[in-house]
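The structure under discussion appears below in the form of structure tokens.
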Amino acid sequence: MDSKQSSNTTKVLMLPWLAQGHITPFLELAKKLSTKNFHIYLCSTPIILTSIQNRITETQSLSIQLVPFHLPPTPELPPHRHTTNGLPPHLLRALIDAFEMESPSFTNTLQTLSPDLVIYDVFRPRPPSTDASEYKIPAVELMTSGAAVVSFGYHKFTKSDVEFPFPELQLNSNQRFPGSDRAETRRRLESPRISCKMTLINSFRELEGKYIDYLPILIEKKFIPTGPLVQGTTVVDGDKDSEILQWLGAKDEFSTVFVSFGSESFLSKEEREEIAHGLELSGVNFIWIVRITKTQSLSIELEPFHLPPTPELPPHRHTTNGLPPHLLRALIDAFEMESPSLTNILRTLSPDLVIYDGFRPRRSTIASSEYNIPAVELITSGAAVVSFVYHMFTKPDVEYPFPELHLNPNQRAPGNDRDRAETKRRMESTKISCKMMLFNSFRELEGKYIDYLPILVEKKIIQTGPLVQEIIDGDKDLEILQWLGTKDEQSTVFVSFGSESFLTMEEREEVAHGLELSGVSFIWIVRFPAGERTEVDQEALPVEFLKSAEVKRDENRRLDRENIAHVIRKVVVDEEGVDVRNKAREFSEIIRKKGDEEMDGVVKELAQLCTEGKLPEN
0 MDSKQSSNTT KVLMLPWLAQ GHITPFLELA KKLSTKNFHI YLCSTPIILT
50 SIQNRITETQ SLSIQLVPFH LPPTPELPPH RHTTNGLPPH LLRALIDAFE
100 MESPSFTNTL QTLSPDLVIY DVFRPRPPST DASEYKIPAV ELMTSGAAVV
150 SFGYHKFTKS DVEFPFPELQ LNSNQRFPGS DRAETRRRLE SPRISCKMTL
200 INSFRELEGK YIDYLPILIE KKFIPTGPLV QGTTVVDGDK DSEILQWLGA
250 KDEFSTVFVS FGSESFLSKE EREEIAHGLE LSGVNFIWIV RITKTQSLSI
300 ELEPFHLPPT PELPPHRHTT NGLPPHLLRA LIDAFEMESP SLTNILRTLS
350 PDLVIYDGFR PRRSTIASSE YNIPAVELIT SGAAVVSFVY HMFTKPDVEY
400 PFPELHLNPN QRAPGNDRDR AETKRRMEST KISCKMMLFN SFRELEGKYI
450 DYLPILVEKK IIQTGPLVQE IIDGDKDLEI LQWLGTKDEQ STVFVSFGSE
500 SFLTMEEREE VAHGLELSGV SFIWIVRFPA GERTEVDQEA LPVEFLKSAE
550 VKRDENRRLD RENIAHVIRK VVVDEEGVDV RNKAREFSEI IRKKGDEEMD
600 GVVKELAQLC TEGKLPEN
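Those letters in the sequence shown? Residues 0 to 617, by numbering that gives the first Met the number 0.
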């Protein structure tokens, strides 16, 4: 890209702090400069750059280049946490410390890009101007805050015994100067003194003229207002922005309050409640941007789990979703090599409880035997199919007590001969589970199967209620919901095979033709290409549905489109399927009403397990 730049183009390296309220003014300044014969290198962590890349047009990308800046990853600060957005409050100090370790990376960036100018952020802990000076590169600070608050802060620190000349800004008797870390605040305030001759400030004279004029008296630097560096009104977030703009369009001018706290501001629960009540009592319209203060963000942390990469299993293949069928065995084997990674996580986090998947029994052994941490298995499948499989493996000579679930002559027990040992290993994982097992089910749907499981596994079975995803996928979900809204109730078939089920080309064609012949509407989640594994585990509907519907294979275990179409029509259209449709409606309402009802029991059981003081015996 550099080769295409004219000889008189000024190259600018920008280094904002890792917060959305800082990256936005830097990006807007970059856009303005890019039209003035400047070439901008906007440098930040990959997680930050990903969040802004769709805000740069194709034309702007010719003059604005995003440069990834890699902080050293640590167990508590993996790459997805190299931003203040969504960062748990207790990790903010760690993120700041990570910047203290960044000097070699920044030095390499300077050497590689050789910019004519560096524009840096006051919130960067170690001012990059000190590094830039080694290469005789001028470095200028950009203040993303307004001139009023900055001048007030400087005055309080440099002239604490002198009254601030603008009485409209003052601290009340019950207020303290911003920031409990006075040394850190002072360091930030001293940062402009390092700035080369001048400081840029995100403001304009018509708004803050007297404060802009007062700043040079305090800091003895020239202050250049950039004008308002705010994101343009171009809709960049699809229907989300459109929905907000439509809502605002229905309100009177100047009738709406915008409420937003930076990603480094952590309100207490009481403060959030008071603000919410105040907004409600005011009677005005308001938009409140709520990010990291949400309970989910403070209570759920994503911990990366690193499998050893291999030539056939690079990191992007550490999932069954999209994995070629022949690599599934390799992925399973990789999990057998992961013990050190899990050991490090257990040692770092020191959890009170481990909830593991039945597909990963060895991990629970590490938790229970080496760290004395109780481990509980969560079964993600329904109780009917699990109890059936357990029965087939533990009581093969005894008839399963619920005849509505059975194998037809053309069916085999789950898994072919090669996989039976693996399936049995998964069945054995329940013996490791500590006293109980969690089940993704509820009594109204699978009561008798839930009651039968303790007889098979000799463990207490705790149903979690339906663990299904909420509608959170923005435009994708909206499009599907709008399409479904045009269909009659209970007129649409949902087709989905797990990411470990591999249909052959012939099977996919038969399913597709069967759906087409049925004449009903359908949504088919298609993921995998054809592969070697052709067995698809069959799941019949529980007896609570009164009548079950199953697409049977022929004597050669092939699917037939006519049979598929017949079963679909029977369930969705014909009178014969009325009972099934009624039950579907009934359970849909049950699921909707249950909400977190089952969770109270789950929480009680798990809390008790965690407070027993020692690892319970199996």
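Glycine included, each C-beta is placed from N, C-alpha and C at the ideal position.
All of these numbers come straight from a predicted model, not from anything done at the bench.
Note to self: For F139, tell me which candidate among Y451, L214, D120 has the shortest Cα-Cα distance.
What the structure shows: As a working note, residue 139 is residue 140 in the sequence shown. Residue identity check: residue 139 is Val in the sequence provided, not Phe. The shortest Cα separation from V139 among Y451, L214, D120 belongs to D120.
Notebook entry, point to check: Does the Cβ of V467 have 16 or more other Cβ atoms within 10 Å, making it buried, or fewer, making it exposed?
Noted result: Taking the first residue of the sequence shown as 1, we reach residue 467 at position 468. Exposed is the call here.
Item checked: When L61, T83, T108, R54 are compared against H69, the one with the closest alpha-carbon -> Mapped onto the sequence shown, residue 69 falls at position 70. If we check each option's Cα against that of H69, T108 comes out closest.
Item checked: Per-residue DSSP class, three states only, for T622 -> Shown here, the chain extends from 0 to 617; a query on residue 622 therefore has no answer.
Notebook entry, point to check: How many Å lie between S144 and V229 at the Cα?
Noted result: In the sequence shown, the residue the question calls residue 144 occupies position 145. In the sequence shown, the residue the question calls residue 229 occupies position 230. Taking the straight line joining both Cα atoms gives about 12 Å.
Note to self: Rounding to the nearest angstrom, what Cα-Cα distance links H21 and R507 in this structure?
What the structure shows: Taking the sequence shown and counting its residues from 1, the one referred to as residue 21 is at position 22. Taking the sequence shown and counting its residues from 1, the one referred to as residue 507 is at position 508. Between H21 and R507, the C-alpha separation is close to 50 Å.
Margin query: Our contact map puts I286 next to F304 with C-beta atoms below 8 Å; I'd like the distance itself, whole angstroms only.
Written below: The residue given as residue 286 occupies position 287 in the sequence shown. The residue given as residue 304 occupies position 305 in the sequence shown. Actually they do not touch by this definition, with Cβ atoms about 37 Å apart.
Next item on the list: Let me know the secondary structure DSSP gives P350 once reduced to three states.
Entry: Along the sequence shown, read from residue 1 onward, the residue named residue 350 stands at position 351. Three-state DSSP puts P350 in coil, outside helix and strand.
Next item on the list: With a 10 Å radius around its C-beta and 16 neighbouring C-beta atoms as the bar for buried, classify Q19 as buried or exposed.
Entry: Locating residue 19 in the sequence shown gives position 20, counting from the first residue. Answer is buried; the Cβ neighbour count reaches 16.
Margin query: Is the beta carbon of T82 closer than 7 Å to that of I46?
Written below: Within the sequence shown, residue 46 is the residue found at index 47, counting from 1. Within the sequence shown, residue 82 is the residue found at index 83, counting from 1. Against a cut-off of 7 Å, the Cβ pair of T82 and I46 comes out as a contact.
Notebook entry, point to check: Taking C-alpha atoms, which residue in S50, Q59, T49, N7 lies nearest to A29?
Noted result: By 1-based counting over the sequence shown, the position of residue 29 is 30. With distances taken between Cα atoms, A29 lies closest to Q59.
Next item on the list: Rounded to whole angstroms, what's the CA-CA distance from F334 to V283? Just pull it up for me.
Entry: Your numbering for residue 334 matches position 335 in the sequence shown. Your numbering for residue 283 matches position 284 in the sequence shown. Their Cα atoms are separated by approximately 55 Å.
Notebook entry, point to check: Over what stretch of residues does the alpha helix (DSSP H) that includes V149 continue unbroken?
Noted result: Within the sequence shown, numbered from 1, the residue matching residue 149 stands at position 150. Its alpha helix (DSSP H) spans residues 146–157.
Checklist line | Buried versus exposed, by CB contacts within 10 Å (16 or more), P71 | finding: Sequence index remark: in the sequence shown, residue 71 carries index 72 (1-based). Per the 10 Å Cβ criterion, exposed.
Margin query: Is it buried or exposed, E27, if we count other Cβ atoms within 10 angstroms and call 16 or more buried?
Written below: Here residue 27 refers to the residue found at position 28 of the sequence shown. Buried, by the Cβ-count rule.
Margin query: Measuring alpha carbon to alpha carbon, tell me which residue in E300, I372, P323, L326 is nearest T342.
Written below: What you label residue 342 is simply residue 343 of the sequence shown in a count that begins at 1. Of the candidates E300, I372, P323, L326, the one whose C-alpha sits nearest the C-alpha of T342 is I372.
Checklist line | Which of helix, strand or coil DSSP assigns to P224 | finding: As a position in the sequence shown, residue 224 is number 225, starting the count at 1. DSSP, read as helix, strand or coil, puts P224 in strand.
Check: Using 8 Å as the Cβ pair cut-off and three pairs as the minimum, do the stretch 514–526 and the stretch 489–502 touch?
Finding: yes
Checklist line | Run of the alpha helix (DSSP H) containing H21, from where it starts to where it stops | finding: Within the sequence shown, numbered from 1, the residue matching residue 21 stands at position 22. Where H21 is concerned, the enclosing alpha helix (DSSP H) stretches over 19–33.
Next item on the list: Go through its chain and collect everything with a Cβ distance to L141's Cβ below 6 Å, but skip five positions before and after it.
Entry: For the purposes of this step, residue 141 is taken as the residue at position 142 of the sequence shown. The residues are I118, L199.
Check: Can you tell me whether DSSP reads Y399 as helix, strand or coil?
Finding: Here residue 399 is taken as the residue at index 400 of the sequence shown, counted from 1. Y399 falls in the coil class under three-state DSSP.
Next item on the list: Would you kindly work out how many angstroms separate the C-alpha atoms of D289 and K458, rounded to a whole number?
Entry: Along the sequence shown, read from residue 1 onward, the residue named residue 289 stands at position 290. Along the sequence shown, read from residue 1 onward, the residue named residue 458 stands at position 459. It is Val, not Asp, that sits at residue 289 in the sequence shown. Roughly 42 Å between the two C-alpha positions.
Next item on the list: Compute the Euclidean distance between the alpha carbons of P224 and Y213, then round it to the nearest angstrom.
Entry: Sequence index remark: in the sequence shown, residue 224 carries index 225 (1-based). Sequence index remark: in the sequence shown, residue 213 carries index 214 (1-based). When only Cα atoms are considered, P224 and Y213 end up about 13 Å apart.
Check: What are the boundary residues of the beta strand (DSSP E) that includes P67?
Finding: In the sequence shown, residue 67 corresponds to position 68, counting from 1. P67 -> beta strand (DSSP E) spans 63–67.
Check: Using a Cβ-Cβ cut-off of 7 Å (strictly less than) and excluding sequence neighbours within five positions of A147, which residues of its own chain qualify?
Finding: In the sequence shown, the residue the question calls residue 147 occupies position 148. For A147, the CB contacts under 7 Å within the same chain, skipping 5 residues up- and downstream, are L168, E207, Y210 in chain order.
Checklist line | Residue closest to T111, alpha-carbon to alpha-carbon, out of Y40, P78, S262, A275 | finding: Position 112 of the sequence shown, counting from 1, holds the residue named residue 111. T111 has its Cα closest to that of Y40, out of Y40, P78, S262, A275.
Checklist line | Coil, strand or helix - D356 by DSSP | finding: The residue given as residue 356 occupies position 357 in the sequence shown. In the three-state reduction of the DSSP assignment, D356 falls in the strand class, which pools E and B.
Checklist line | C-alpha gap between F501 and E509, whole angstroms | finding: Walking along the sequence shown from the start, residue 501 turns up at place 502. Walking along the sequence shown from the start, residue 509 turns up at place 510. About 14 Å.
Check: So who's on the other strand from M142, going by DSSP bridges?
Finding: As a first step, residue 142 must be located in the sequence shown, where it is residue number 143. M142 pairs with I200.
Checklist line | Extent of the continuous alpha helix (DSSP H) to which V510 belongs | finding: Here residue 510 refers to the residue found at position 511 of the sequence shown. It spans 504–517 - the alpha helix (DSSP H) in which V510 sits, taken as one unbroken run.
Next item on the list: Using three-state DSSP, classify V577 as helix, strand or coil.
Entry: Stepping through the sequence shown from its first residue, residue 577 is reached at position 578. V577 falls in the helix class under three-state DSSP.
Check: Among I136, I299, V66, T255, which one has its Cα closest to the Cα of L86?
Finding: Within the sequence shown, residue 86 is the residue found at index 87, counting from 1. If we check each option's Cα against that of L86, I299 comes out closest.
Next item on the list: Indicate, with yes or no, if the ligand MN has a heavy atom lying under 6 Å from the CB of T73.
Entry: What this structure holds is no ligand at all, so the ligand MN is not there to describe.
Item checked: Distance, L14 Cα to C42 Cα -> Translated into positions along the sequence shown, residue 42 becomes position 43. Translated into positions along the sequence shown, residue 14 becomes position 15. Roughly 5 Å between the two C-alpha positions.
Notebook entry, point to check: Is A374 near Y355, with beta carbons less than 7 Å apart?
Noted result: As a first step, residue 374 is located in the sequence shown; it is residue number 375 there, counting from the start. As a first step, residue 355 is located in the sequence shown; it is residue number 356 there, counting from the start. Cβ atoms of A374 and Y355: closer than 7 Å.
Item checked: Best match in L217, K196, E57, I344 for proximity to V149 [C-alpha to C-alpha] -> Position 150 of the sequence shown holds residue 149. The option with the nearest alpha carbon to V149 is L217.
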